Amino acid sequence: MSGSTRSTECPRSARRGAQPDRRPDVSSGRTGKRNREVIAVVRRIRVATVVVVGLVALLSACGNQPESTGDSRTTAPVPTTTPSLPSATTAPAPGASGTESAPPGRGTRCTAQDLRGVVQPEDAAAGNRYARLVVTNKSDAECTLYGYGGLQFVDGNGKPTPTDLTRRPDPGPSLVTLKPGATAAKKLHWGVVPSGNEPVSGPCQPPSAGIRIIPPDDTESFTVKFDFGSVCAAGHIEGSAYFEN
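If you read the sequence shown in this note's numbering, its first letter stands for residue 1, the second for the next number, and so on.
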């Protein structure tokens with residue numbers, strides 16, 4: 001062994017170089033087909049999973065919705081009847097109404113049939129006229145007055161003439177008890193100076209010869225004499241409430 005060198009020989013196959021395996025790979029075809037089938041199955045499973053998850057979410061959302069209680073907005077009902085039209089009855093003349101609220105326990109009120117009256121002149125100044133309407137209980141029983149009442153100017157034939165009554169609380173309403181033969185009064189004030197389109201020569205309004213007096217809380221009237229001619233400003237007159245005379 002000394003001094004000699006062993007040569008190592010490569011195998012014959014190594015010397016020639018590695019030769020590729022020339023045998024046909026039969027399993028590669030089956031493996032590729034199997035892989036494609038697995039991929040297809042996985043895809044179908046994924047699609048089915050997505051569909052199931054979506055259905056579960058939808059059902060869950062529907063189940064969690066609160067039960068409908070109806071629209072909270074209130075819709076106004078549509079009227080089914082025709083609104084009533086104003087009455088065709090003739091409106092009462094200005095100042096003609098004697099209706100007003102009476103105090104409780106007032107007793108028997110005085111009606112037009114219980115009273116008679118007279119207009120008594122008072123001071124006059126610078127186109128203004130003042131008077132006092134005095135009414136007397138002509139009945140055999142005690143009665144009461146409370147409030148202003150109403151009035152209407154009339155001519156000599158009893159035809160209404162322009163009247164515009166304004167209630168003036170001087171004094172205001174108070175309960176007045178009239179025994180048979182007792183009196184109550186009401187202050188009156190009007191003007192004799194033409195205004196607006198009224199003529200400045202001759203009567204400013206058709207002359208009045210009387211006043212229809214309507215007691216408080218009554219609809220009937222009695223007439224008193226009025227000797228003061230025309231009432232200007234379209235028959236404007238101020239009247240107080242009734243008071244003890």
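Beta carbons: idealized from backbone N, C-alpha and C, even for Gly. Please read all numbers here as calculations on a predicted model, not as lab measurements.
Taking all protein chains shown into account, decide if residue i is buried (16 or more other Cβ within 10 angstroms of its Cβ) or exposed.
i, result
"Thr-163", "buried"
"Ala-141", "exposed"
"Asn-137", "buried"
"Asp-123", "exposed"
"Asp-114", "buried"
"Pro-24", "Note on Pro-24: pLDDT 48, under 50, position unreliable in the model; the coordinate value appears next. Its Cβ having fewer than 16 others within 10 Å, Pro-24 is exposed."
"Val-176", "buried"
"Ala-209", "buried"
Just to confirm my understanding: we take residue i, look at its own chain, exclude 5 residues before and 5 after, and list those with CB closer than 7 Å. What are they?
i, result
"Pro-171", "Ser-240, Ala-241, Phe-243"
"Val-288", "In this structure the chain extends from 1 to 245, so residue 288 is not present and cannot be described."
"Ser-195", "Cys-232, Ala-233"
"Ala-131", "Val-119, Gln-120, Pro-121, Glu-122, Leu-188"
"Phe-228", "Arg-129"
"Ser-139", "Asp-114, Pro-180"
"Arg-43", "none"
If you reduce the DSSP assignment to three classes, tell me which class residue i lands in.
i, result
"Gln-205", "coil"
"Asp-21", "Confidence in Asp-21 is poor, its pLDDT being 48 and thus under 50, which makes the residue's placement unreliable; the coordinate value appears in the next sentence. Residue state, collapsed to three classes: coil."
"Glu-238", "strand"
"Ala-112", "helix"
"Arg-212", "strand"
"Val-78", "Annotation note: pLDDT 47 at Val-78 (below 50); position unreliable, coordinate value reported separately. Correct three-state label for Val-78: coil."
"Ser-87", "With a pLDDT of 35 at Ser-87, under the threshold of 50, the predicted position of this residue should be treated as unreliable, and no value is reported."
Between which two residues does the beta strand (DSSP E) carrying residue i extend?
i, result
"Gly-229", "222–229"
"Thr-136", "128–137"
"Gly-191", "183–191"
"Val-154", "150–154"
"Leu-175", "Looking at the DSSP string, Leu-175 is not in any beta strand (DSSP E), and its letter there is neither H nor E."
"Thr-144", "143–145"
"Arg-248", "The question about residue 248 has no answer here: the residues shown for the chain are numbered 1 through 245."
In chain order, what residues of the same chain have a beta carbon less than 8 Å from the beta carbon of residue i, not counting five sequence neighbours either side?
i, result
"Thr-111", "Cys-143, Pro-215, Asp-218, Glu-220"
"Pro-246", "The shown model of the chain, from 1 to 245, leaves out residue 246, and the question about it has no answer."
"Arg-106", "Thr-144, Tyr-146, Leu-175"
"Pro-247", "This structure does not reach residue 247, given that the chain is present from 1 up to 245, and the question cannot be answered."
"Pro-203", "Gly-229, Ser-230"
Taking the alpha helix (DSSP H) that residue i falls in, what are its first and last residues?
i, result
"Gly-235", "232–235"
By Cβ distance, which residues of its chain are closer than 6 Å to residue i, with the 5 residues on each side in sequence left out?
i, result
"Gly-149", "Gly-98, Ile-214, Pro-215, Pro-216"
"Trp-190", "Arg-129, Val-231, Ile-237"
"Arg-168", "Glu-238, Ser-240"
"Thr-108", "Cys-143"
If residue i and residue j are in contact, beta carbons under 8 Å, what's the gap, nearest whole angstrom?
i, j, result
"Pro-180", "Gly-147", "About 21 Å separates the two Cβ atoms, so there is no contact after all."
"Val-200", "Ile-211", "Between Ile-211 and Val-200 the Cβ distance is about 25 Å, and since that is not below 8 Å, they are no contact."
"Val-192", "Gly-127", "5 Å"
"Phe-226", "Phe-153", "7 Å"
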